[in-house]
Amino acid sequence: MAPPTLTITLPPNQLHSSAKTLMGLPLELREQIWRDVLVSPAKYHLKHASDCHYRHNHARPTSIEPAACMVSEPNVEIAEPKIYPWDESTHCRCGKRTGLNLLLVSRQVNHEAAPLFWTKNEFVFETSDQFTICVGARLRKEYRGMLRTVYIGSCSPLETERCTTWNLFSNEATPEPMQRWCQFWGVLNQCRGLRRLAVRPEVVKRHTTDMRRLGRTMPSLERLELTHVERYLGRSTAFERDWGCFRACGGIQRDAVFVRAEMPVEIRGEGVELSQNGCKELYRRFTTNFCVYVNTIVRKRFLVPSDTDGDDGRINFRAPGGIAEGLDDLRDEWEVDLPTGDTTRLTFMGVPQSRRTRIALARERRARDVARQDAGLPRIGEEKAVEEVARRRDQRSDAETCEDLHHRERVLEGRRLKAVERIKTERKEKKAEKQEVWRAMEQARELRRAERKRVVKVEEIKVEETEDVEEVPDEEQDKPVWKAKVQTIRPAKKSETKGGKRKGGRRKGDWEDAKESWREAWDE
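For the working numbering, count along the sequence shown from 1 and bump the result up by 71.
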């Protein structure tokens, strides 16, 4: 028997339709959604989130909130300037783009949204090396032609070096130095769809050939700018580290202001000369006129040095009037007139918080604390205090463990040194004993050699006969009438020796002759 079934007929307005899903919307609406999700302001315009540690913990009203783009977690690790293992890096992710996972939903979404992401956004790079790695080594070739706006600006002095010994594509050192900007121009020439390009002035001075061909290489380029980024430090950072990567310089992050300015350059039209002399003149005009005017205006109107400031260029931000009134996070862009009659825009990256911002952050922090107390949780400050206590306890435990390890290492090292010293002492004693035995053997050998040289030579006895013989009493006859004269035989000299002599002894046969002479003398 078949199981019972129930058939329900739905009205037409409840039927499933692809129009009720995201991909069922018209293409114009989908593109508007992709644009709202993926297109964001440039990185140097982004602010810190409300829960970021850079947003809080300001000890004074003039404390500077670092720009999100300057302390952002790096995408790539370049050769210089980089964070070393011994550096304590402090960074955040407030300057990162959000919503990029949308490109991984499906192929259709990626096909529709990727062109909007690459064409509508402005891509900011701190250094030319970062641009070379991100665009040349990691970005697909078909996407390089979609880029429309690229900004490269940095205050690092390493950007002024002419040559480099680091291959950015293979991340290896080269045996011979190469032109620093050759790798950069090789990647930039592939971005043929650029509309706006902002680069450092070294490009104009040292690569005039590529600058001359810029109009043909990028036919859609509408605006070329030379970037200038200047850093102004406070007097309280006189003894803090201010070199290398800014993310590793935690002592100056809340006392450093960055100012960004751009000078437009004409690349087309009448009177535009991008020859070698024209590029040199453009570089001179930018460095000696534009940059000097911008620095003078900043120091006179916005970051005013006090009377106690020295000649090191640092400004006392804590002094009254050190930072111009109105320069805060609510207004960080200003248009100024240059002495040449031109107008430029100054963008301050890293400024103090306004009073309205501090009040809003305090209210938000208080509301979160009240909500946590109602939920039975500790306040944010109490939780941070507990975490700090636990962190210090762990540090103290790690320090004690390290001290124990160091003590054990010192004890083992002392034992090892004692063992080595004992072995050395034993070796010295054995060596002294061997030398003593050898000395005794040498003395015995010398004695034996001297004994062999003490040989007595007996001369023959001569008796003279007399004609007149007198009678001698018997008692006198018993006495010997001969006289023996003993003479010590001197050893023969080396020149007197002949064959048969051994080294250190007498000639063979002398000893037998001496014994024979002694027997004859005794028998007589």
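We treat Cβ as the ideally placed atom computed from N, Cα and C, and that holds for glycine.
Please name the residue, chosen from S291, V407, V365, that lies closest to I338 on a Cα-to-Cα basis. If we check each option's Cα against that of I338, S291 comes out closest.
What's the C-alpha gap between L297 and E193? Using only the alpha carbons, I get a separation of about 16 Å.
Every unbroken beta strand (DSSP E) inside the region 192 to 251 [3 residues or more]: Positions of the beta strand (DSSP E) runs, each at least 3 residues long and wholly inside the region 192 to 251, are given as 193 to 196, 220 to 223, 234 to 238, 243 to 250 in order along the chain.
Find out if the Cβ-Cβ distance for the pair R266, T220 is shorter than 8 Å. Yes, the pair counts as a contact, with Cβ atoms nearer than the cut-off.
Once the 5 residues before and after R389 are set aside, which same chain residues still bring their CB inside 6 Å of it? So the list reads T133, once near-sequence residues are dropped.
Let's see if you can read the secondary structure: which residues bound the beta strand (DSSP E) around E404? 404 to 408 is the extent of the beta strand (DSSP E) around E404.
Under 8 Å between C-beta atoms of R302 and A332: For R302 and A332, no; Cβs fall outside 8 Å.
Comparing C-alpha positions only, which one of E497, E352, S177, N242 sits nearest to G207? The shortest C-alpha separation from G207 is found at N242.
Given this structure, state the Cα-to-Cα distance separating V336 from L353, to the nearest angstrom. Looking at the two C-alpha atoms, the distance is approximately 9 Å.
What's the gap between the Cα of S225 and the Cα of C362? Our two residues, S225 and C362, have alpha carbons roughly 14 Å apart in a direct line.
What is the rounded straight-line gap between the Cα of A442 and the Cα of L187? Answer to the nearest angstrom: the Cα atoms are 40 Å apart.
Backbone CA spacing between V142 and Q324 [nearest angstrom]: Spanning the two alpha carbons is a distance of roughly 9 Å.
Would you list the one or two residues that DSSP bridges to P300? Here residue 300 is Val; the residue named in the question, Pro, does not match the sequence. Here V300 is bridged, per DSSP, to R331.
V602 lies in the beta strand (DSSP E); which residues open and close that run? Within the shown structure, residues of the chain are numbered from 72 to 595, placing residue 602 beyond reach of any answer.
Per DSSP, what kind of secondary structure is T80 in: helix, strand or coil? T80 carries a coil assignment under DSSP once its states are collapsed to helix, strand and coil.
Top-ranked residue by Cα proximity to Q201, from Y222, M217, H182: When the alpha-carbon of Q201 is set against those of Y222, M217, H182, the nearest one is in Y222.
Taking the straight line between their C-alpha atoms, what separation do you get for K499 and C320? Roughly 56 Å between the two C-alpha positions.
Between the Cα of S425 and those of G397, W405, V110, spot the shortest distance and give me the residue it belongs to. Closest by C-alpha distance to S425, out of G397, W405, V110, is G397.
Are D400 and T428 close, meaning C-beta to C-beta below 8 Å? Taking the C-beta atoms as reference points, T428 is found nearer than 8 Å to D400.
Roughly how many angstroms separate the alpha carbons of T92 and R101, rounded to a whole number? If I take the Cα positions, the gap works out to 11 Å.
Is the distance from the Cβ of K191 to the Cβ of V110 below 8 Å? In this structure, V110 lies closer than 8 Å to K191 by Cβ.
Are there 16 or more other CB atoms within 10 angstroms of the CB of K276, so buried, or fewer, so exposed? By the 10 Å Cβ count, K276 comes out buried.
Near Q261, which residues of its chain fall below 6 Å by C-beta distance, leaving aside the five closest residues on each side in sequence? Sequence-distant Cβ neighbours of Q261 in its own chain, meaning closer than 6 Å and more than five residues away, are R215.
Hey, quick one: how far does the alpha helix (DSSP H) through R164 stretch, first residue to last? Membership of R164 in any alpha helix (DSSP H) is not indicated, and neither H nor E is assigned to it by DSSP.
C-beta contact flag for K136 and G421 at 8 Å: In the sequence as displayed, the identity of residue 136 is Glu instead of Lys. Cβ atoms of E136 and G421: closer than 8 Å.
Measure from the alpha carbon of L345 to the alpha carbon of each residue in I451, V369, T358, D281, then state which is nearest. That would be D281, whose Cα lies nearest to the Cα of L345.
Residues bridged to F419 [DSSP beta-bridge criterion]: For F419, which the question treats as bridged, DSSP gives the partners V330.
What residue does the alpha helix (DSSP H) around D469 start on, and which one ends it? Note, D469: alpha helix (DSSP H), 451 to 524.
Output the boundary residues of the alpha helix (DSSP H) element that contains V363. In the DSSP assignment, V363 falls within the alpha helix (DSSP H) that extends over 362 to 368.
Would you kindly check if the distance between the Cβ of R306 and the Cβ of N387 is under 8 Å? Yes. Within cutoff.
What would DSSP say about E102, mapped onto helix, strand or coil? Secondary structure of E102 (DSSP, three-state): helix.
Leaving aside the five residues before and after R294 along the sequence, list all residues of the same chain whose C-beta is less than 8 Å from its C-beta, in chain order. Cβ-Cβ distances below 8 Å link R294 to R266, R267, L268, P335 in the same chain, with the five nearest sequence neighbours on each side left out; the list follows chain order.
So, with DSSP's three-state summary, where would you put D122? Of the three classes helix, strand and coil, the one that applies to D122 here is coil, per DSSP.
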